[in-house]
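Trainee:
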Amino acid sequence: MTAAPGRPLVLVIIDGWGYRTDPFGNAIAAAKKPNWDALWQQWPHTILAAAGEPVGLPQGQQGNSEVGHLNLGAGRVVYQDLTLINRAIGDGSFLTNPVLRAAMQSVASGQALHLIGLVSPGGVHSSSQHLYTLLEMAKALRVPRVFVHAFTDGRDEPPNSAAGYIAELAERARAIGTGAIASVSGRYYAMDRDKRWERTERAYRTVVEATGPTAPDPIALIKQSYSGGTTDEFIVPTRIVPPGEGPPPPIGDGDSVIFFNFRPDRARQLTHAILDESWDHFARNRRPRLAHFVTFTEYENGLPAEVAFRDEPLNQVLAEVVSNAGWRQFHTAETEKYAHVTYFLNGGREAPFPGEDRLLVPSPRVATYDLKPQMSAQPVTDVLLDRLERSDDRFLVVNFANPDMVGHTGVFPATVRAVEVVDAMLGRIAGPVLGRHGILAITADHGNAELKVDRATGAPLTAHTTSPVPLILAGADEVRGLRADGKLGDIAPTLLPLVGLEVPEEMSGDDLRAPTPPSPDPSG
0 MTAAPGRPLV LVIIDGWGYR TDPFGNAIAA AKKPNWDALW QQWPHTILAA AGEPVGLPQG
60 QQGNSEVGHL NLGAGRVVYQ DLTLINRAIG DGSFLTNPVL RAAMQSVASG QALHLIGLVS
120 PGGVHSSSQH LYTLLEMAKA LRVPRVFVHA FTDGRDEPPN SAAGYIAELA ERARAIGTGA
180 IASVSGRYYA MDRDKRWERT ERAYRTVVEA TGPTAPDPIA LIKQSYSGGT TDEFIVPTRI
240 VPPGEGPPPP IGDGDSVIFF NFRPDRARQL THAILDESWD HFARNRRPRL AHFVTFTEYE
300 NGLPAEVAFR DEPLNQVLAE VVSNAGWRQF HTAETEKYAH VTYFLNGGRE APFPGEDRLL
360 VPSPRVATYD LKPQMSAQPV TDVLLDRLER SDDRFLVVNF ANPDMVGHTG VFPATVRAVE
420 VVDAMLGRIA GPVLGRHGIL AITADHGNAE LKVDRATGAP LTAHTTSPVP LILAGADEVR
480 GLRADGKLGD IAPTLLPLVG LEVPEEMSGD DLRAPTPPSP DPSG
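Numbering (numbering that gives the first Met the number 0), first residue to last: 0 to 523.
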């Protein structure tokens, strides 16, 4: 069956809405969600792998928003930067990477090498193993002065785990024989992506200018933060000045910087602050003339940075197929997830495809989203419904950030409320879409809100999960059932035939349509 003229396809991506039947610590199960429950009961549905090897990550690695949207849009397994860099370490090509070698060799005569990034085994933005390999490489290339500017996690890892990770870093640096921890900053400051420039400024002052608070020992700093109620994410940017030693130097002229985060979105603001010639977000007291500034992956097209590991371009992604058909399309989300429904969903492409319109809805300016679990879901829905009413778009995609962003706070009641807010938005969307004989596909990019409490300790959990995610396919009356063994990369090859578009050969994902009974009813 092909689409009737003007029949819209609406893809709703609920960030962090994982599938888990156990009600313990499950904010989705605890929420009142009549619209979700009705859609699940009435229409074909299934659950899809959203973590590990089915989405191009190492086995057992939790999913994340970047990975989820890349796989959703590509219609195939997209091997992720984490996997590719791990392979480079395994086959030895990491140590011969020409971009990394040039950055290190240029400072071997006495200038400093600064390694900046998230020190965490979480595998979402970075990997500690990548940092250790950089230290080994710097030692082998006889770089005399190596400084690590460590960002602490608390979102993709437990909120009080950084002390152990920083202790491991210090021990590995001692064993390798290089690498002084020059500063520690919570990712709240160093990795903001919502244009809260006052946060980025705090990190810049510490990392680049070597000003601000000091502490004699990184582990003592972190433990002192814990005793004051500050968890890893929120550790105030602080320089480390061991007793009897001078303070760490600022990043100086002729130094090299390697930003070892491989995920771009939360590395961009600090990178711009360091590199941009024209800058008006805060006053910079110094802007060093660097020998090299290296990013592990391409953070943004046009940045004056060298890239160590470049991705292979993804062609014939979902938005491109729609564009090539001559159809109009619309992508919208609030600030926190706007890059995901544009850049990542479109295969790492910055510019819109022909016929593609986009609209960013600002996220609320609050310190943490448990304070406003509704976030900007209401105006995002208003924008989507207005576009549905007024335009001839054949494909519309929207992301709701609430379960993920509120889930990251670890505040269970607020996460329940976030789920209920999104459910209300589904109720607003379903009627207008189905009333136009449209197809409404509702899914998620990874898990989070379905597991918010540690069963053993009762402590809040803030990280993503390895849970599968649901898929509801409403409005496609010809679909009797969906297979239960799918993955995120199967969604696009399933949707395109429903609107009369051919699946390109590049989309190696499977069509999920099958004459099988629906999956069991979920608890969340």
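All residues carry an ideal CB built from backbone N, CA and C; glycine is no exception.
Nothing here was measured: the structure is a model prediction, and the numbers come from that model.
Can you grab the Cα-Cα spacing for the pair T294 / V207, in whole Å?
Mentor: In the sequence shown, counting from the first residue as 1, residue 294 sits at position 295. In the sequence shown, counting from the first residue as 1, residue 207 sits at position 208. If I take the Cα positions, the gap works out to 16 Å.
Trainee: Quick one: using the 10 Å Cβ neighbour count with 16 as the cut-off for buried, is A111 buried or exposed?
Mentor: Against the sequence shown, residue 111 aligns to sequence position 112. Counting Cβ neighbours within 10 Å, A111 comes out buried, since at least 16 surround it.
Trainee: Are the Cβ atoms of A440 and L494 separated by less than 8 Å?
Mentor: Position 441 of the sequence shown, counted from the start, is the residue given in the question as residue 440. Position 495 of the sequence shown, counted from the start, is the residue given in the question as residue 494. In contact: A440 and L494 (Cβ atoms closer than 8 Å).
Trainee: Across which residues does DSSP place G446 in a beta bridge pair?
Mentor: Counting from 1 along the sequence shown, the entry for residue 446 is found at position 447. Paired residues: T464.
Trainee: I need the DSSP call for Q104, collapsed to helix, strand or coil.
Mentor: Numbered from its first residue, the sequence shown carries residue 104 at position 105. In the structure shown, Q104 sits in a helix (DSSP, three-state: H, G or I).
Trainee: For E355, which residues from the same chain have a beta carbon less than 7 Å from its beta carbon, with the 5 sequence-adjacent residues on both sides left out?
Mentor: Indexing the sequence shown from 1 puts residue 355 at position 356. Cβ neighbours of E355 beyond the five flanking positions: A318, S322, Q328 and H330.
Trainee: Which residues share a DSSP beta bridge with S184?
Mentor: As a first step, residue 184 must be located in the sequence shown, where it is residue number 185. F150, per the DSSP bridge assignment.
Trainee: Apply the 10 Å Cβ neighbour rule to H44 and answer buried if 16 or more other Cβ atoms are within range, or exposed otherwise.
Mentor: Position 45 of the sequence shown, counted from the start, is the residue given in the question as residue 44. Buried.
Trainee: Return the first residue and the last residue of the beta strand (DSSP E) that Q377 is part of.
Mentor: On the sequence shown, residue 377 is found 378 positions in, with the first residue counted as 1. That residue, Q377, is in no beta strand (DSSP E); its alpha helix (DSSP H) goes A376 to R389.
Trainee: Between which two residues does the beta strand (DSSP E) containing S64 stretch?
Mentor: Looking up residue 64 in the sequence shown gives position 65. Counting along the chain, S64 falls outside any beta strand (DSSP E), though it belongs to the alpha helix (DSSP H) covering S64 to A73.
Trainee: Would you decide whether E449 is buried or exposed? Buried here means 16 or more other CB atoms lie within 10 Å of its CB.
Mentor: Position 450 of the sequence shown holds residue 449. Burial call: buried.
Trainee: Classify P525 as helix, strand or coil using the three-state DSSP reduction.
Mentor: Residue 525 lies beyond the range of the chain shown here (0 to 523); nothing can be said about it.
Trainee: Do the segment 369-384 and the segment 414-421 meet, that is, are 3 or more Cβ pairs less than 8 Å apart?
Mentor: Touching, yes.
Trainee: Going residue by residue through the segment 385-430, where are the continuous alpha helix (DSSP H) segments of at least 4 residues, counting only ones entirely within it?
Mentor: The qualifying runs are 401-406.
Trainee: Inspect the beta-carbon positions of D14 and D489 and report whether they are closer than 8 Å.
Mentor: The sequence position of residue 14 within the sequence shown is 15, counting from 1. The sequence position of residue 489 within the sequence shown is 490, counting from 1. No, these two residues do not count as a Cβ contact at 8 Å.
Trainee: Within the segment 223-252, note down every full beta strand (DSSP E) run reaching 3 residues or more, in order along the chain.
Mentor: For the segment 223-252, whole beta strand (DSSP E) runs of length 3 or above, ordered along the chain, are 237-239.
Trainee: Please report the distance separating the alpha-carbon of T20 from that of N159.
Mentor: Residue mapping note: residue 20 aligns to position 21 of the sequence shown, counting from 1. Residue mapping note: residue 159 aligns to position 160 of the sequence shown, counting from 1. Between T20 and N159, the C-alpha separation is close to 27 Å.
Trainee: Between the C-alpha atoms of T132 and E156, what's the straight-line distance to the nearest angstrom?
Mentor: On the sequence shown, residue 132 is found 133 positions in, with the first residue counted as 1. On the sequence shown, residue 156 is found 157 positions in, with the first residue counted as 1. If you take the alpha carbons of T132 and E156, they lie about 21 Å apart.
Trainee: Which ranges does the alpha helix (DSSP H) cover as unbroken runs of at least 4 residues, wholly within the segment 251-287, from first to last along the chain?
Mentor: For the segment 251-287, whole alpha helix (DSSP H) runs of length 4 or above, ordered along the chain, are 267-274.
Trainee: Who are the near neighbours of V320 in its chain, counting only those whose CB is closer than 7 Å to its CB and skipping five residues on each side?
Mentor: The count along the sequence shown starts at 1 and reaches residue 320 at position 321. Answer for V320: L495, L500 and P503, listed in chain order.
Trainee: A473 to I257, Cα distance in whole Å?
Mentor: Taking the sequence shown and counting its residues from 1, one reaches residue 473 at position 474. Taking the sequence shown and counting its residues from 1, one reaches residue 257 at position 258. Distance between the alpha carbons of A473 and I257: 47 Å.
Trainee: Return the chain-ordered ranges of every beta strand (DSSP E) run that is complete within the segment 288-323 and spans a minimum of 3 residues.
Mentor: The qualifying runs are 291-294.
Trainee: Under DSSP, the beta strand (DSSP E) around V360 begins and ends at which residues?
Mentor: Start at 1 with the first residue of the sequence shown, and residue 360 comes out as number 361. Run containing V360: E355 to V360, per the beta strand (DSSP E) assignment.
Trainee: Roughly how many angstroms separate the alpha carbons of I239 and D381, rounded to a whole number?
Mentor: For the purposes of this step, residue 239 is taken as residue 240 along the sequence shown, with counting starting at 1. For the purposes of this step, residue 381 is taken as residue 382 along the sequence shown, with counting starting at 1. The straight-line gap from Cα to Cα measures roughly 48 Å.
Trainee: Where does E197 land, buried or exposed, given buried means 16+ other C-beta within 10 angstroms?
Mentor: Here residue 197 corresponds to residue number 198 of the sequence shown, with the count starting at 1. Per the 10 Å Cβ criterion, exposed.
Trainee: Quick check: what's the CA-CA separation for G228 versus I234?
Mentor: Reading the sequence shown from its first residue, position 229 is the one you call residue 228. Reading the sequence shown from its first residue, position 235 is the one you call residue 234. If you take the alpha carbons of G228 and I234, they lie about 10 Å apart.
Trainee: Leaving out the 5 sequence neighbours to the left and right, which residues in its chain are closer than 7 Å to G409 when beta-carbon positions are compared?
Mentor: Sequence index remark: in the sequence shown, residue 409 carries index 410 (1-based). Hits under 7 Å: P158, K451, P459, L460 and T461.
Trainee: Out of curiosity, what's the CA-to-CA distance linking R173 and Y164?
Mentor: Taking the first residue of the sequence shown as position 1, residue 173 is located at position 174. Taking the first residue of the sequence shown as position 1, residue 164 is located at position 165. Roughly 14 Å separates the two Cα atoms.
Trainee: Check for me: the alpha helix (DSSP H) holding E200 runs from which residue to which?
Mentor: The residue you call residue 200 lines up with position 201 of the sequence shown. That run of the alpha helix (DSSP H) goes W196 to V206.
Trainee: Looking at L313 and Y337, is the spacing between their C-beta atoms short of 8 Å?
Mentor: Indexing the sequence shown from 1 puts residue 337 at position 338. Indexing the sequence shown from 1 puts residue 313 at position 314. No, these two residues do not count as a Cβ contact at 8 Å.
Trainee: Hey, R186 and D152: beta-carbon distance below 8 Å or not?
Mentor: Counting from 1 along the sequence shown, the entry for residue 186 is found at position 187. Counting from 1 along the sequence shown, the entry for residue 152 is found at position 153. It is a contact, given that the beta carbons lie within the stated cut-off.
Trainee: Would you identify the three-state DSSP class for Q328, choosing helix, strand or coil?
Mentor: Your numbering for residue 328 matches position 329 in the sequence shown. Looking at Q328 - three-state DSSP - the assignment turns out to be strand.
Trainee: Alpha helix (DSSP H) containing A491: first to last residue?
Mentor: Stepping through the sequence shown from its first residue, residue 491 is reached at position 492. Taken as a continuous stretch (DSSP letters only), the alpha helix (DSSP H) holding A491 covers I490 to L497.
Trainee: Thinking C-alpha only, which one of F259, F281 and G67 is nearest A307?
Mentor: For the purposes of this step, residue 307 is taken as residue 308 along the sequence shown, with counting starting at 1. For A307, the nearest C-alpha among the options comes from F259.
Trainee: Among the candidates D476, S390, N447 and D509, whose CA atom is the shortest distance from the CA of N63?
Mentor: Within the sequence shown, numbered from 1, the residue matching residue 63 stands at position 64. That would be N447, whose Cα lies nearest to the Cα of N63.
Trainee: When DSSP labels each residue in this structure, what does H113 get in the three-state scheme?
Mentor: The residue you call residue 113 lines up with position 114 of the sequence shown. The answer is strand: DSSP assigns H113 an E or B state.
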